[in-house]
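Under my numbering, think of the first position of the sequence shown as -6, with each following residue one higher.
Where a beta carbon is used, it is the ideal one built from N, C-alpha and C, also for glycine.
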Amino acid sequence: MLRDENEGMSTIPGFSQIQFEGFCRFIDQGLTEELHKFPKIEDTDQEIEFQLFVETYQLVEPLIKERDAVYESLTYSSELYVPAGLIWKPGRDMQEQTLFIGNIPLMNSLGTFIVNGIYRIVINQILQSPGIYYRSELDHNGIAVYTGTIISDWGRSELEIDRKARIWARVSRKQKISILVLLSAMGSNLREILDNDQLGLALVRLENVVRGTICGAIRHKLIPTPQNLVTSTPLTTTYESFFGLHPLSQVLDRTNPLTQIVHGRKLSYLGPGGLTGRTASFRIRDIHPSHYGRICPIDTSEGINVGLIGSLAIHARIGHWGSIESPFYEISQRSKEAQVFYLAPSIDEYYMVATGNSLALNRDIQEEQVVPARYRQEFLTIAWEQIHLRSIFPFQYFFYWSFPHSFY
């Protein structure tokens, strides 16, 4: 517990809550949604149809304990079973079997994963909100060039129209290619290129395997069954590749309990769909007023990635739509009870916000007070009656790692 003289006691937040909420959302909702996307698969003569009955899938209890997975250099995971049916259309006969799709790594009590006996953590990534962003700028000859940046859940692409009305896809600051060349290169692999979700990517690969196996069985006049059409390799290898090679999947820093907490609160602009250390501008790396209470302004990496890797502030959380939210007390004349609201940066800038130690909760002495406040990126000194919100904790703008050592 941390003591705040203005509000009594304030509980330390759950630092692994973001990881837990994300994984629970995947198990409760995302897993079913991705399985429902798996299409019905037919052979070329449309005589055989394969489909998954995802409503009755099973995710069984792990076969080993967390501790045993570490000692035996195994992955702490759960086996996924899905019923499937193979329908012979001429006679409407159906053969149904429950298939082993693969192993899904499970999150443990630390908010981490155990992969091949090693504790790994998936850090948070900051991405620009999906949409289409237009701008115009002058080139080195003083001619207007129009640029459009398309940002989706799967990545980003930057298109440019020159003075001859030709459309280019920007590869880097100095290189660009014709949009026709880009579209031709994407071709039939578009779905796999865009599908950045690991389970979705594994199911796309499984779909390709099933299609190929059905066609091969028909070509060799063999009788396929659901069991010999499906293999666990696509799902298993996809997750192994993600945890082993993805830049957001990192070996947990277990130097001491504090470094584990700090590692779990890290966030990065880098990674697939994000920025790179060589192309990110100073404007992106700099501290922004929207960071207050959300991103620690002190803790960041050094070198080429300065300002691109940091930490979430102590009380920050991830909202329903993926934005970083910070808590505030509402200053209300109607109620003596302080209500806590979590607000996104696009909302709190419209309120007069005072710091956590500026206002006492004793209403009898507030009438004479003049306090510093923040309003629309400006810092003001105003009467307490004009205050809408106040931060819940004086140090909520930072993370623990940035506090003075005497604070621990």
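As assigned by DSSP and simplified to three states, the class of residue i
i, result
"isoleucine 97", "strand"
"glycine 1", "Note that glycine 1 has pLDDT 40, beneath the 50 cutoff, so the model's placement of it is unreliable and no number is given."
"aspartate 61", "helix"
"tryptophan 314", "coil"
"proline 397", "Confidence is the limiting factor: at proline 397 the pLDDT is only 46, short of 50, which leaves the residue's position unreliable and the question unanswerable from this model."
"leucine 204", "Checking the displayed sequence, the identity of residue 204 turns out to be arginine instead of leucine. It is helical."
"glutamate 185", "Its pLDDT being 47, under 50, glutamate 185 is placed unreliably in this model, and the value from its coordinates should be taken loosely. Three-state result, glutamate 185: helix."
"valine 197", "helix"
"glutamate 72", "strand"
"proline 365", "strand"
"glycine 303", "strand"
"arginine 168", "Sequence inspection shows glutamine at residue 168; the arginine mentioned does not correspond to that position. The answer is coil: DSSP assigns glutamine 168 none of H, G, I, E or B."
"alanine 376", "strand"
"glutamine 51", "strand"
"alanine 162", "strand"
"leucine 354", "Any answer about leucine 354 is weak, because its pLDDT of 45 lies below 50 and its placement is not dependable; what the coordinates show is given next. In the structure shown, leucine 354 sits in coil (DSSP, three-state: anything other than H, G, I, E or B)."
"leucine 92", "strand"
"aspartate 21", "helix"
"arginine -4", "Reliability of the predicted coordinates at arginine -4 is poor, the pLDDT of 38 falling under 50, and the value obtained from them is presented with this limitation in mind. Strand, per DSSP."
"leucine 28", "helix"
"proline 219", "helix"
"alanine 210", "helix"
"glycine 15", "helix"
"glutamine 10", "helix"
"leucine 192", "helix"
"leucine 67", "coil"
"leucine 173", "helix"
"glutamine 389", "coil"
Distance between beta carbons of residue j and residue i, contact taken as under 8 Å
i, j, result
"histidine 381", "isoleucine 340", "The pair is not a contact, with the Cβ atoms about 11 Å apart (cut-off 8 Å)."
"leucine 52", "leucine 79", "That pair is no contact at about 23 Å."
"isoleucine 307", "phenylalanine 392", "6 Å"
"isoleucine 57", "serine 261", "With 8 Å as the limit, isoleucine 57 and serine 261 do not qualify as a contact, their Cβ atoms being about 32 Å apart."
"isoleucine 97", "tyrosine 232", "7 Å"
"leucine 24", "leucine 192", "7 Å"
"threonine 49", "proline 76", "6 Å"
"isoleucine 107", "valine 63", "6 Å"
"leucine 99", "serine 66", "The Cβ separation is near 17 Å, so there is no contact."
"leucine 196", "lysine 30", "7 Å"
"glycine 267", "glutamine 118", "6 Å"
"leucine 152", "isoleucine 136", "No, leucine 152 and isoleucine 136 are not in contact; Cβ-Cβ is about 17 Å, not under 8 Å."
Pair within 8 Å by beta-carbon distance, residue i and residue j
i, j, result
"isoleucine 11", "isoleucine 311", "yes"
"isoleucine 144", "proline 123", "yes"
"aspartate 155", "valine 138", "yes"
"proline 290", "isoleucine 280", "yes"
"serine 319", "leucine 301", "no"
"proline 282", "glutamine 370", "yes"
"proline 240", "leucine 263", "yes"
"threonine 142", "asparagine 109", "no"
"alanine 376", "valine 363", "yes"
"tyrosine 322", "isoleucine 385", "yes"
"glutamine 39", "lysine 82", "yes"
"proline 217", "leucine 92", "no"
"arginine 128", "threonine 140", "yes"
"isoleucine 114", "leucine 245", "yes"
"arginine 258", "phenylalanine 8", "yes"
"serine 225", "phenylalanine 235", "no"
"isoleucine 207", "isoleucine 317", "no"
"leucine 194", "phenylalanine 43", "no"
"proline 338", "arginine 287", "yes"
"valine 299", "arginine 271", "no"
"arginine 163", "lysine 157", "no"
"arginine 247", "tyrosine 368", "no"
"glutamate 59", "asparagine 101", "yes"
Identified DSSP bridge partners for residue i
i, result
"glutamate 151", "Thr142"
"methionine 87", "Ile80"
"asparagine 117", "Leu260"
"phenylalanine 43", "Ile34, Leu79"
"tyrosine 112", "Ile107"
"glycine 135", "Glycine 135 is not bridged to any residue."
"glycine 124", "Ile144"
"glycine 296", "Partner(s): none; glycine 296 has no beta bridge."
"glutamate 323", "Gln332, Leu382"
"alanine 347", "Ala366, Arg383"
"glutamate 130", "Val138"
"glutamate 342", "According to DSSP, glutamate 342 bridges with nothing at all."
"glutamate 371", "Tyr368"
Any C-beta of chain C under 8 Å from that of residue i
i, result
"glutamine 12", "The structure shown contains no chain C; it is built from a single protein chain."
Any non-hydrogen atom of the ligand MG within 7 Å of residue i CB
i, result
"lysine 157", "The model on display carries no ligand, and the ligand MG is accordingly not part of it."
TODO: List in chain order: all unbroken alpha helix (DSSP H) runs of 4+ residues lying wholly within the region 222 to 294.
DONE: Entirely contained in the region 222 to 294, the alpha helix (DSSP H) runs reaching 4 residues are, in chain order, 226 to 238, 250 to 257, 275 to 278.
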